[in-house]
Amino acid sequence: MFISCSRPDTQEQLDIGELIYEVRPFSALEIAEMIRNGEICDAKTLIGLFYALSRRPQGAKIW
22 MFISCSRPDT QEQLDIGELI YEVRPFSALE IAEMIRNGEI CDAKTLIGLF
72 YALSRRPQGA KIW
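The numbering of the sequence shown is our numbering, which starts it at 22 and goes up by one.
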């Protein structure tokens with residue numbers, strides 16, 4: 022999981038053995054829906070997402 026406020030167009034620089042199949046943006050509402058649907062369910066990702074969302078100027082409220 023990587024979180025960015027802006028998405029610059031850059032060339033990927035992957036580490037040896039690193040595989041990234043798809044990079045795409047998600048809105049906070051899309052993330053909330055993925056959590057509700059169980060698509061995002063591992064603790065590390067949930068903690069990271071909630072931390073990042075809590076640092077937004079409008080707070081973490083997304084539903």
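Using N, Cα and C, we set each Cβ at its ideal position, and we do this for glycine too. Source: prediction; values computed, not measured.
Let me know if ILE41 comes out buried or exposed under the rule of 16 or more other beta-carbons within 10 Å of its beta-carbon. ILE41 comes out exposed.
Measure the CB-CB distance between ALA49 and LEU67 and report whether it falls below 9 Å. In this structure, ALA49 sits away from LEU67, with a CB-CB distance that is not shorter than 9 Å.
Coarse secondary structure for SER48, derived from DSSP in three states: When secondary structure is reduced to three states using DSSP, SER48 falls in the coil class, being assigned neither helix nor strand.
Looking only at its chain, what residues have a beta carbon closer than 6 Å to the beta carbon of ASN58, apart from the 5 residues adjacent to it on each side? Within the same chain, and ignoring the five residues on either side of ASN58 in sequence, no residue has its Cβ closer than 6 Å to its Cβ.
What is the rounded straight-line gap between the Cα of LYS88 and the Cα of GLU43? Outside the displayed range of the chain (22 to 84) lies residue 88, so it cannot be described from this structure.
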